[in-house]
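Q:
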Amino acid sequence: MQRRPRRFLVLLTGLVLAAGGLAPPGVASGGSTPDDQPLPGYTIVNPPLPPATVHGRPSRVLQGVHRHAAYDIEVPPQWNGELVMWAHGYAGQGKVLTVAPPPFGLRQRLLDQGYAWAASSYYANGYDVRAGVLSTHALALRFGSLVRRPHRTFIIGASMGGHITGRSLEQYPRFYAGGLPMCGVMGDNSLFDFFLDYHLVAQGLAGIRAYPPGQDYLSVTVPKIQRTLGIDTLPPGATDIANPLGRQLRAITVNRSGGQRPGADRAFSFWQNFLFSQGGPAEGTVAEDPGQLATNLRARYVPNTPVDINRTVQRVRPENVRARYSPFLTQSPQIFGVPNVPVLSLHNLGDLFVPFSMERAYLADVSRHGQSKLLVQRAIRSTQHCEFSAAEAGAAWDDLSRWVHRGQRPAGDDLRNPQVIAAADYGCRFSDRDAHAAGSGTRRLYAPCP
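Those letters in the sequence shown? Residues -28 to -1, 1 to 422, per mature numbering (1 follows the signal peptide of the UniProt record, and there is no 0), in order.
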């Protein structure tokens, strides 16, 4: 997987930090739009949030609009003076801004432990990490004027919210005391490389040149590719592919998504149709079309047989080179790997929407900067995107909180050793055995843990 050049990284990181949280003129500032109104073209839907019951008493809920983004704040009756910011994931390309509380049982857990939480809609939708970083930080500051300045502020995010979490820790050094990215885009733009890889490799194996995609790509070309590779009737969770071309696509996809690991073959059949859907024609800004950042110029695909795909695959340069390699806070910015505070992450082993390779890329970045001791990562044996039980998310939060407060670095999984990752019991240590026993979600795609 291609990673960004590291030469002059210290200089670039300094430029990022020097840029602070300033947004481009007319974006987060809104021009003439009042601060308590959404930007032109957007509307806000944020119905009243009923207070939670915390140890027999109601919480305090505050809702409003700040810097063109809707927000929810909830404070328990006996607040411990600390705040958790929730960063939501991709909300589509629509023009309606909404807010949601922390999922996975975290809302109640945080309140019961005495933490306040706050969540922003962000001032824009789309794949706009910049909007998430700026709106979340602005709301954290707003909390201080509405309630009281917190002693500590944490940040938690899922999916694109993980990308927001990773960049927020670097954009505002030590403003946040710790981060919990879940199913996060921690490899930043290499996610879009992964999507591009899938289409170009599939096309190359099928002998069909179809990039850039035409208007009939999804309706005509993709079904033809799937038939040629023998995966057009592959049921979700299946492991048998008779066609060697289909097996080669699966093996390359497994390697590009994080390497051989439990459930990987079943994950391919679960996700292969969806991955083809991520390649239709698109245009617009990076937030509207992040695929313009993708490239496979340096990609080397394994296995390279029966088709010599590395020789025949179409090579594509990034359409927007400036945005891909910019050190600044763009709509899809880099994460450099310098969190400077404790980070504990969770990722689903079989997720191919935001694949496990995101975690390995982030580990490589953090290690390169000598901050490995600040990162703990955990693999969860499930295949849906962001498929975590309350027990898994809750344990991760508790361990991160304990790490920040007491300096006790928690245990994690080994993401460095391919042989460890490929072991049949990998991911068992932190996966919810009760969820597997109950057969919830995609847990039964994995063998029971010993």
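Where is the CB? At the ideal position from N, CA and C, for every residue including glycine.
1. Over what stretch of residues does the alpha helix (DSSP H) that includes Met158 continue unbroken?
2. Spatial neighbours of Pro234 within its chain, please: C-beta separation below 7 Å, excluding the five flanking residues on both sides.
3. If you draw a straight line from the alpha carbon of Lys67 to that of Tyr14, how long is it in whole angstroms?
4. If you measure between the beta carbons of Pro10 and Val37, is that distance less than 9 Å?
5. Report the option in Asn52, Ile128, Ser162, Leu152 whose CA atom is closest to the CA atom of Ala271.
6. By the DSSP assignment, the alpha helix (DSSP H) with Val376 in it spans what residues?
7. Shortest alpha-carbon distance to Ser412 belongs to which of Thr355, Val392, Gly379, Gly366?
8. DSSP three-state call for His38: helix, strand or coil?
9. Straight-line CA distance for Cys358 to Asn282?
10. Which same chain residues, not among the five before or five after Asp197, have their C-beta less than 7 Å away from its C-beta?
11. So, at 7 Å on beta carbons, what are the nonlocal neighbours of Ala149 in its own chain, with the 5 sequence-adjacent residues on each side left out?
12. Using alpha carbons as the reference points, say which of Ile307, Ser361, Arg350, Ser31 lies closest to Ala410.
13. Out of curiosity, what's the CA-to-CA distance linking Gln220 and Val285?
14. Go to Trp243, then tell me how far its alpha helix (DSSP H) extends in each direction, as first and last residue.
15. Does Leu55 come out as helix, strand or coil in the three-state DSSP assignment?
16. Can you tell me which of the three DSSP states Leu(-18) falls into?
17. Going by DSSP, what residues sit across from Leu318 in a beta bridge?
18. Report the three-state DSSP secondary structure of Glu46 (helix, strand or coil).
19. Report the three-state DSSP secondary structure of Phe167 (helix, strand or coil).
20. Can you list, in chain order, the residues of its chain whose CB lies under 8 Å from that of Ala367, leaving out five sequence neighbours each side?
21. Three or more beta-carbon pairs under 8 Å between the stretch 200 to 218 and the stretch 242 to 250, yes or no?
22. Check whether the stretch 46 to 63 and the stretch 76 to 91 touch, using three or more Cβ-Cβ pairs below 8 Å as the test.
23. Give me whichever residues DSSP pairs with Ala130 in a beta bridge.
24. Give the range of the alpha helix (DSSP H) segment to which Arg333 is assigned.
25. Are three or more beta carbon pairs between the stretch 340 to 351 and the stretch 104 to 120 nearer than 8 Å?
26. Gly384: which of Asp406, Glu331, Arg416, Leu118 sits nearest, CA to CA?
27. Along the chain, where does the beta strand (DSSP E) that runs through Ser107 open and close?
28. Output the distance between the C-alpha atoms of Ala42 and Pro145, rounded to the nearest integer angstrom.
29. Could you check if Glu255 is buried or exposed, using at least 16 other CB atoms within 10 Å of its CB as the buried criterion?
A: In short:
1. First-last for Met158: undefined, no H or E at that position.
2. Excluding sequence neighbours, Pro234 sits near Leu321, Arg353, Ala396, Tyr398, Gly399, Tyr418.
3. Roughly 5 Å between the two C-alpha positions.
4. Cβ atoms of Pro10 and Val37: closer than 9 Å.
5. It is Ser162 whose Cα lies nearest to the Cα of Ala271.
6. For Val376, the uninterrupted alpha helix (DSSP H) segment begins and ends at 362 to 378.
7. Selected option, being the one with the closest Cα: Thr355.
8. DSSP places His38 within a strand segment (E or B) once states are collapsed to three.
9. Cα-Cα distance, rounded: 32 Å.
10. At residue 197 the sequence reads Ile, which differs from the Asp that was named. Taken in chain order, the residues that qualify are Ala174, Gln175, Ala178, Ile180.
11. Closer than 7 Å at the Cβ level, and outside the excluded window around Ala149, lie Arg124, Thr125, Phe126, Val313, Val376.
12. Out of Ile307, Ser361, Arg350, Ser31, Ser361 has the C-alpha closest to the C-alpha of Ala410.
13. Their backbone Cα atoms lie some 13 Å apart in a straight line.
14. Taken as a continuous stretch (DSSP letters only), the alpha helix (DSSP H) holding Trp243 covers 236 to 249.
15. In the three-state DSSP reduction, Leu55 falls in the strand class (E or B).
16. For Leu(-18), the pLDDT reaches just 29, beneath the cut-off of 50, and the residue's location in the model is therefore unreliable, although a value from the coordinates is still provided. The answer is helix: DSSP assigns Leu(-18) an H, G or I state.
17. Met154, Arg350, per the DSSP bridge assignment.
18. Glu46: strand per DSSP, three-state reduction.
19. Residue state, collapsed to three classes: helix.
20. Listed in chain order, the non-local C-beta contacts of Ala367 below 8 Å within the same chain comprise Phe402, local neighbours out to five positions each way being set aside.
21. A contact exists between the stretch 200 to 218 and the stretch 242 to 250.
22. Contact between the stretch 46 to 63 and the stretch 76 to 91 is present, because at least three Cβ pairs lie under 8 Å.
23. Partner(s): Met154.
24. The residue asked about is misnamed: residue 333 is Ala in this sequence, not Arg. Its alpha helix (DSSP H) spans residues 329 to 340.
25. The stretch 340 to 351 and the stretch 104 to 120 do not touch, with fewer than 3 CB-CB distances between them shorter than 8 Å.
26. Of the residues Asp406, Glu331, Arg416, Leu118, the one whose Cα lies closest to the Cα of Gly384 is Glu331.
27. From DSSP, Ser107 is part of no beta strand (DSSP E) but of the alpha helix (DSSP H) over 101 to 118.
28. In a straight line, the C-alpha of Ala42 is about 25 Å away from that of Pro145.
29. Exposed, since its Cβ has fewer than 16 Cβ neighbours within 10 Å.
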